[in-house]
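Numbering (the numbering used here), first residue to last: 817 to 1102.
Here is the structure we will look at, set down as structure tokens.
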Ligand code: CCH
């Protein structure tokens, strides 16, 4: 067991568990990034509710939200790290795992700070329905992400995470990966958004997505309607173009915005200590 607060030791163990040869594309990385995002992305700036504090996905109210289908795999992957470092809160472990996964898959270094609590404050509970719906359009994206406090540039940068992982028909109803190498972080997603011809396809389950079939490699890549919208909306598109041609700029902007995502709803004093949570307060403890 590591010493309390030795996040470096936890980082090392997370990096070790990413290799999962039997799972998806051989890595737990993408689903861990999604776990970090969904645990943070319930935040509402106006009411200061939701966010990663409290690790609410352990409970049915949040864990059972259909938007979180499949994320139990991510939580199970992390159990050995929790067992080896029982002092770490789930709220810290899940957000740290997202940051480590991005770095280990070749992405930028994500600034990350610990101190989140697993105390669930009932007055901060987020209602279901705060995460984005891939079938919708630009208005929906703005409604969801402006609520968290992000702007158009940040929405596009964050969407670049779809360079990782895939859709599963038994989770979201969508199917397939966005890029050919979905365990390597890059700006390929933006380049493919602009360079390929995306055609609407209705899957057997009635869900509509966009696809491109490449005859040479015999692979079919996909985009969600919300991904395609980034190329159609006048304010989003210039950012897609910039990130497609400037990988360094994408990495820089992504690191900033992903770090901001993981900090939603968390206030710190000048030493970085979280001031708006109370671990001693009873409630649900892990
Ligand atoms: Fe996402 N995402 N995401 N996404 N997402 C899905 C998978 C991943 C939307 C919908 C979906 C972000 C933004 C959006 C990841 C990271 C981020 C899936 C497939 C859908 C649907 C789920 C399944 O079937 O397993 C929509 C809509 C938005 C709107 O913007 C943001 C922001 C991030 C992170 C910064 C990652 C990673 C995955 C792959 C997960 C996996 O299991 O491989």
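Every residue gets a Cβ at the ideal spot worked out from N, C-alpha and C, and that includes glycine.
Quick check on the DSSP output: what are the complete beta strand (DSSP E) runs of length 3 or more inside the region 888 to 912, in order along the chain? Runs of the beta strand (DSSP E) lying entirely within the region 888 to 912 and spanning at least 3 residues: none are present.
DSSP three-state assignment for residue 1036, whether helix, strand or coil: Looking up residue 1036 in the chain shown gives position 220. Reduced to three states, the DSSP call for residue 1036 is strand.
Please state whether the Cβ-Cβ distance between residue 955 and residue 1052 is less than 7 Å. Here residue 955 is taken as the residue at index 139 of the chain shown, counted from 1. Here residue 1052 is taken as the residue at index 236 of the chain shown, counted from 1. Taking 7 Å as the Cβ cut-off, residue 955 and residue 1052 do not qualify as a contacting pair.
So what does residue 992 bridge to, in DSSP terms? Your numbering for residue 992 matches position 176 in the chain shown. In DSSP, residue 992 forms a bridge with 983.
Verify whether the separation of the beta carbon atoms of residue 883 and residue 947 is less than 7 Å. By one-based count along the chain shown, residue 883 stands at place 67. By one-based count along the chain shown, residue 947 stands at place 131. Yes; because the gap between Cβ atoms is below 7 Å, this pair is in contact.
Is the beta carbon of residue 1001 within less than 6 Å of some heavy atom of the ligand CCH? On the chain shown, residue 1001 is found 185 positions in, with the first residue counted as 1. Taking 6 Å as the cut-off, the C-beta of residue 1001 does not count as close to any heavy atom of the ligand CCH.
Taking the alpha-carbon positions, what's the residue 1059 to residue 1008 distance? Working through the chain shown from its first residue, we reach residue 1059 at position 243. Working through the chain shown from its first residue, we reach residue 1008 at position 192. One C-alpha to the other measures close to 11 Å.
Give the secondary structure of residue 932 by DSSP, where H, G and I count as helix, E and B as strand, and everything else as coil. If you number the chain shown from 1, residue 932 lands on position 116. Assigned with DSSP and collapsed to three states, residue 932 falls in coil, not helix or strand.
Any heavy atom of the ligand CCH closer than 6 Å to the CB of residue 994? By 1-based counting over the chain shown, the position of residue 994 is 178. Incorrect: residue 994 has no Cβ contact closer than 6 Å to the ligand CCH.
Under the three-state reduction of DSSP, which class applies to residue 884: helix, strand or coil? Taking the chain shown and counting its residues from 1, the one referred to as residue 884 is at position 68. If DSSP states are grouped into helix, strand and coil, residue 884 belongs with the helices.
Three-state secondary structure assigned by DSSP to residue 1084: On the chain shown, position 268 is the one that residue 1084 refers to. Note: residue 1084 maps to strand in three-state DSSP.
Assuming residue 935 and residue 870 form a contact by the criterion Cβ under 8 Å, report the distance between their Cβ atoms to the nearest whole angstrom. The residue you call residue 935 lines up with position 119 of the chain shown. The residue you call residue 870 lines up with position 54 of the chain shown. With a beta-carbon spacing of about 6 Å, residue 935 and residue 870 fall inside the 8 Å limit used to define contacts.
Which full runs of the alpha helix (DSSP H) of 4+ residues lie inside the region 998 to 1067, going along the chain? Given a length threshold of 4 residues, each whole run of the alpha helix (DSSP H) inside the region 998 to 1067 is given here in chain order: 1004 to 1011, 1041 to 1048 and 1053 to 1061.
Output needed for residue 823: all residues of its chain with C-beta closer than 7 Å, excluding positions within five of it in sequence on either side, in chain order. As a working note, residue 823 is residue 7 in the chain shown. If we look at residue 823 and ignore the five residues flanking it on each side, its Cβ neighbours are 912 and 930.
Do residue 923 and residue 848 count as a contact pair if the criterion is CB distance below 7 Å? Indexing the chain shown from 1 puts residue 848 at position 32. Indexing the chain shown from 1 puts residue 923 at position 107. For the pair residue 848 and residue 923, the CB atoms are not nearer than the 7 Å cut-off.
Hey, is residue 853 close to the ligand CCH, as in C-beta under 6 Å from one of its heavy atoms? As a working mapping, residue 853 is identified with position 37 in the chain shown. Yes, Cβ of residue 853 sits closer than 6 Å to a heavy atom of the ligand CCH.
Just to confirm, is the Cβ distance from residue 834 to residue 844 under 7 Å? Numbered from its first residue, the chain shown carries residue 834 at position 18. Numbered from its first residue, the chain shown carries residue 844 at position 28. Contact: yes.
Count the other CB atoms within 10 Å of the CB of residue 850; is the residue buried (16 or more) or exposed (fewer)? Here the question's residue 850 lines up with position 34 in the chain shown. Residue 850 comes out buried.
If you check the beta carbons only, do residue 932 and residue 881 fall under 7 Å apart? Taking the chain shown and counting its residues from 1, the one referred to as residue 932 is at position 116. Taking the chain shown and counting its residues from 1, the one referred to as residue 881 is at position 65. No Cβ-Cβ contact shorter than 7 Å links residue 932 with residue 881.
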